[in-house]
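Protein chains in written order, with our numbering: chain A, 807 to 1005; chain B, 122 to 449.
Glycine residues also receive a C-beta, built at the ideal position from the N, C-alpha and C atoms.
Only a predicted model underlies this, so the values are computations on that prediction, with no experimental measurement involved.
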Amino acid sequence: MSWKRIHAAWFGIHFFLIAAVCLAGVFWLIAQGSTILPSACNEYARKAELAATWCLGKEAGASNPLRRGIATYLHAAGIQAGYSFFAPNVPTQHRLTLELFYDDGRVEYESPRVRSKGAALRLESLLDRLPDQRYEPVRETLVKMLAFSVWREHPDVKKLRATFGSVNPPDIIEFEQGKTETFQPMFSFDFSLREEQRH
Amino acid sequence: MQSVVKSPESQISAGLSLLQKCWQHFLGFLFQPENDTWLAVLRIGLGLQVAVYALFLRSDWHYLFASSGKGLVGREVGEAITSFDSPLIPTFGWLVALGRNFNMSEETVLTVGWVCLLSAGLFLLLGLLCRPAAIAAWFVHLCAAESGGLLAYGADVFMTTALFYLMLSPLPDRYSFDQWVTKTKRRNPQLLGFWRRVLQVHLCFVYFIGGLAKCLGSGWWDGSNLWRSLIRPPFTVVPPDLLVRFKYALPVLGIAICLLEVSYPIFIWIKKTRFVWLVCILAMHAAIGLLMGLYLFALVMIVMNIAAFAVPSANTTALRRSTSSDRQ
């Protein structure tokens, strides 16, 4: 009988954590004002999100053993993120365009590339994360790395400009009227490779 | 009319017996005896999933998981973000550090990791060394998902969860090669039932939360989210010109998806509606796979749903009898 109690206790804790993660995700969406709920709900949602994240130990210090233990378990079980894929709305697509400036004055346009379609999905996933506030501290580093991955294939490039922006597709009526997608630049970085890195 | 006033003691004992009854019902729900057919489906399905995952990423494996200066963005950024959550979460960085002790280069370690993952998938498919294969598949996939954290998407999350449950389930099942060779004792049907319940309840959470979040977005009620998701590169499999012809069907499909997902935790448990809900959910995932090119995501969801709800439940009376005769 004791093995049943142990399993039942694990079941309770496991699904409590899943519920907390999922609710934190939903309340975060409401608090951001990205849902059809009235804006009066945003403040309550923010408080509810805090309560849910408190259950996950996220309010404790970064080195707190309980917080680390919970985080390790969540990642090991693949339950660290909620299940609001493509919700409440399909996220905006993003694009990184790289302008390659050569010594002879030529300018070429490139984008980071991968070989397989499976990896292309992952690259899209990375680009969609870049505008997120949470990734702001690593944004420039990531763009630099992506730019460098292209630079490696064009070693004679003198300077490189990376422009990141959102791609707004036409809605169904606009598409019927012949409109195409529009590109809205969000930020850009200029990179130049030091002489010693070229060789 | 006479009213009966109960003493506080009798009220407490009535409350306790009600609690006891609820607890017994809960245990009955959790430990409903099952045979291992569902586990065989989960093992074979995940074996296929892991093998396909490894083969899909074969050409980009080193490019995605190499360190800075060699790969796409370098795995260090993803690993740093992961280690901020907890330094105890496994990553490829661990394996590369371990490999250094044996004079193995990063490239060799990554190649060994890929071969391990593919082999684990094939072993699971055949049912050979089921438990070690499940643990290896979970571990290497987790390293890949965490090292490439910024490159991960929904399919990775569900693969980690499914492999986590498979690894803890009472393997091997009777259809595995292990069982054929070793002829081990039959697994406890109640334990098999418990792990199936875990998978079932997990799927209920997934669809309810997914459906609820979709219901909160205006775009799912007017079909614009379906349009946006289908014309969004790299998911563009169907030409937009063809989609326009079905523009009146998009709002209906959008609402149907919301309702199907949010009501899944109710109708999947009712015997009369289970088949319809399951077929609709499987059709939805098949459509996601075919129309958006999200093959890995579709496959893992189909495998989990079939293992959880499509495989018929065992004859519980016969299983209970066999369990008690085993004990005697």
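- Annotation: the region 123 to 169 of chain B contains the following complete segments of the alpha helix (DSSP H) (minimum length 4 residues), in chain order: 129 to 151.
- DSSP places His813 (chain A) in the helix class (H, G or I) of the three-state scheme.
- Between the alpha carbons of Ala283 (chain B) and Leu906 (chain A) lies a gap of roughly 44 Å.
- Using a CB distance cut-off of 7 Å, Thr357 (chain B) does not count as an interface residue toward chain A.
- Around the beta carbon of Thr841 (chain A), a 10 Å sphere encloses 16 or more other beta carbons of the protein chains shown; the residue is thus reported as buried.
- Chain order gives the chain A residues near Val319 (chain B) as Phe817, where near means a beta carbon separation below 7 Å.
- Note on geometry: alpha-carbon atoms of Trp235 (chain B) and Leu420 (chain B) lie some 20 Å from one another.
- Our two residues, Val383 (chain B) and Arg164 (chain B), have alpha carbons roughly 28 Å apart in a direct line.
- In this structure, DSSP gives Lys965 (chain A) an extended state, which the three-state scheme calls strand.
- Excluding the 5 residues flanking it on each side, Ile824 (chain A) has same chain C-beta neighbours closer than 6 Å at Ile885, in chain order.
- Listed along chain B are Phe326, Ile330, each with a C-beta nearer than 7 Å to that of Cys828 (chain A).
- Our two residues, Met288 (chain B) and Phe213 (chain B), have alpha carbons roughly 20 Å apart in a direct line.
- Contact check for Thr903 (chain A) against Thr969 (chain A) passes: the beta carbons are separated by less than 7 Å.
- Chain order gives no chain B residues near Tyr850 (chain A), where near means a beta carbon separation below 7 Å; the closest approach is about 14 Å.
- Comparing C-alpha distances from Val365 (chain B) to each of A:Phe993, A:Asp977, A:Leu966 shows the shortest one belongs to A:Asp977.
- For Ser955 (chain A), the enclosing alpha helix (DSSP H) starts and ends at 942 to 957.
- Here DSSP, grouped into helix, strand and coil, assigns Glu914 (chain A) to strand.
- When DSSP reads this structure, Val973 (chain A) sits in a beta bridge with A:Gln899, A:Phe989.
- Less than 7 Å separates the beta-carbon of Met413 (chain B) from that of Phe356 (chain B).
- In the structure shown, Phe223 (chain B) falls within a coil segment according to DSSP collapsed to helix, strand and coil.
- By the criterion of at least three beta-carbon pairs nearer than 8 Å, the region 295 to 311 of chain B is not in contact with the region 174 to 188 of chain B.
- For the region 337 to 366 of chain B, the beta-carbon criterion of a distance under 7 Å to any beta-carbon of chain A is satisfied by Leu337, Gly338, Ser339, Gly340, Ser345, Asn346, Trp348, Arg349, Ser350, Ile352, Arg353, Pro354, Pro355, Pro361, Val365.
- Take the alpha-carbon of Val944 (chain A) and the one of Trp957 (chain A): they are about 20 Å apart.
- The region 825 to 836 of chain A makes contact with the region 328 to 338 of chain B; the number of CB pairs closer than 8 Å reaches 3 or more.
- Distance from the CA atom of Glu987 (chain A) to the CA atom of Asn974 (chain A), rounded to whole angstroms, is 5 Å.
- The beta-carbon of Ala334 (chain B) is placed less than 7 Å from the nearest beta-carbon of chain A.
- With 16 or more other CB atoms across the displayed protein chains lying within 10 angstroms of its CB, Pro154 (chain B) is buried.
- Where Glu865 (chain A) is concerned, there is no enclosing alpha helix (DSSP H), because DSSP gives it neither an H nor an E.
- Contact between the region 272 to 282 of chain B and the region 881 to 896 of chain A is present, with at least three C-beta pairs closer than 8 Å.
- Looking at the backbone, the Cα of Leu380 (chain B) and that of Leu417 (chain B) are separated by about 24 Å.
- Listed along the chain, the chain A residues whose CB falls inside 7 Å of the CB of Glu267 (chain B) are His881.
- Ranked by Cα distance from Pro844 (chain A), the options B:Gly195, B:Leu337, B:Gln321 are led by B:Leu337.
- In this chain, the alpha helix (DSSP H) harbouring Gln321 (chain B) covers 310 to 336.
- Look at the region 840 to 867 of chain A: the residues with a C-beta under 7 Å from a C-beta of chain B are Thr841, Ile842, Leu843.
- When 9 Å is used as the limit between beta carbons, Gln899 (chain A) is near these residues of chain B: Arg349, Arg353, Pro354, in chain order.
- The CB of Leu148 (chain B) comes closer than 8 Å to the CB of Lys810, Ala814 in chain A, given here in chain order.
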